Amino acid sequence: MAGQVYIRTTGGRLSAFVLGVGFFLAVTAAVRAQTGTVNGGPDVYQSIGRTVTLSCTYSLSGSATLREIKWYRVSDGGDREPVLFYYSGESAYTFGLYRNRASLVNTDTAAQDASLRLSNLQFSDSGTYECLVGAGGSGLQPWDGSVEINLVALGKSWI
Numbered sequence: 014m015a016g017q018v019y020i021r022t023t024g025g026r027l028s029a030f031v032l033g034v035g036f037f038l039a040v041t042a043a044v045r046a047q048t049g050t051v052n053g054g055p056d057v058y059q060s061i062g063r064t065v066t067l068s069c070t071y072s073l074s075g076s077a078t079l080r081e082i083k084w085y086r087v088s089d090g091g092d093r094e095p096v097l098f099y100y101s102g103e104s105a106y107t108f109g110l111y112r113n114r115a116s117l118v119n120t121d122t123a124a125q126d127a128s129l130r131l132s133n134l135q136f137s138d139s140g141t142y143e144c145l146v147g148a149g150g151s152g153l154q155p156w157d158g159s160v161e162i163n164l165v166a167l168g169k170s171w172i
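For the sequence shown, my numbering begins at 14 and goes up steadily by one.
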């Protein structure tokens, strides 16, 4: 029986956990704000067996350059299963059940698009996905930002 897939973004929040207070907190937040941001896309509906795009865009400022893009599927317990890793200037690597089904929409770093294309959608693909973008540059603090996207497969009766 064919189904539908619903993707809901849980927010474009950065996974930057800053420890400490006072001056350290202010300096760390300023460095991260100057380096970049990561944003998730709108809700998406798609049939099982079709191709779906999990939207993730980023914006880097100043002399920051893309270092890596990593996509994970996050379990309820918080463990992260690798889906796809891309290191600037190299080919993308896919893992496990996502091999030959996962790819980046665009590897041109000028596009600042880290969106994941997932083909032959399965009910087992349901879950939370995390897009992580890493950047750096000469004289810059290494930076990572991320966004989580929920992917839920729904049967026809839900649409």
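A virtual CB, placed ideally from N, CA and C, is assigned to each residue, including glycine. Just so you know, these numbers come straight off a predicted model, no measurement behind them.
Opposing strand residues paired with residue i [DSSP bridges]
i: threonine 70; result: Asn52, Asp126
i: glutamate 161; result: Glu143
i: serine 116; result: Arg130
Extent of the continuous beta strand (DSSP E) run through residue i
i: tyrosine 111; result: That residue, tyrosine 111, is in no beta strand (DSSP E); it is neither H nor E in DSSP.
i: valine 96; result: 93–100
i: threonine 78; result: 78–87
i: glutamate 143; result: 140–149
Cβ distance (whole Å) where residue i is taken to contact residue j below 8 Å
i: threonine 64; j: arginine 112; result: Contact flag wrong, Cβ pair sits at about 16 Å.
i: aspartate 157; j: glycine 147; result: 5 Å
i: serine 128; j: valine 118; result: 4 Å
i: tyrosine 71; j: valine 96; result: Actually they are not in contact, since the Cβ atoms of tyrosine 71 and valine 96 sit about 17 Å apart, beyond 8 Å.
i: glycine 62; j: leucine 134; result: 6 Å
i: threonine 122; j: leucine 79; result: 5 Å
i: tyrosine 99; j: threonine 120; result: 7 Å
i: leucine 73; j: glycine 102; result: Leucine 73 to glycine 102, Cβ: 16 Å. No contact.
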